[in-house]
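Below is one structure, written out as structure tokens; comments come after it.
Numbering (my numbering), first residue to last: 297 to 429.
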């Protein structure tokens, strides 16, 4: 085989025949290469298939910015905090109405402090409650 410059060949990869592996190509571990691999491409599998390269459009998964993916747990926490805020406001209105009628108000319930977790829920809490830092 003719191996170009800056080629990475994974462990246990096999290149069979008088093939050309282009510059900056990558061959996956355990791949069995039986066809030429173009420059700046990645080939994997048995037999090896080119899965990435300048002539191929990237798959949607390759374009993901993982730091910007939605966090369903944090989103659910935001929804729950919003609902808790709404319920607290409703309870405050009921307490005020009872006070206006001369009735004894409902005793307040001490809310537990949220655990720190990764900090996202406690960071979102003031925004959900309409508080400004």
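Virtual Cβ for every residue (Gly too), placed ideally from N, Cα, C. It should be emphasised that the depicted structure is a prediction, and the values quoted were computed from it without experimental measurement.
Buried versus exposed, by CB contacts within 10 Å (16 or more), residue i
i	result
residue 338	buried
residue 333	buried
residue 342	exposed
residue 344	buried
residue 388	exposed
residue 377	buried
Check whether residue i and residue j have beta carbons under 8 Å apart
i	j	result
residue 245	residue 318	Residue 245 lies beyond the residue range present for the chain, which begins at 297 and ends at 429; the question has no answer from this structure.
residue 336	residue 314	no
residue 320	residue 348	no
Inter-residue Cα distance where the pair is residue i and residue j
i	j	result
residue 311	residue 328	6 Å
residue 369	residue 382	20 Å
residue 373	residue 397	36 Å
residue 309	residue 322	11 Å
residue 380	residue 366	22 Å
residue 364	residue 371	13 Å
residue 375	residue 399	33 Å
residue 395	residue 386	14 Å
residue 330	residue 300	16 Å
Complete alpha helix (DSSP H) runs within the region 311-386 (minimum length 4 residues, chain order): List check, alpha helix (DSSP H) in window: nothing returned.
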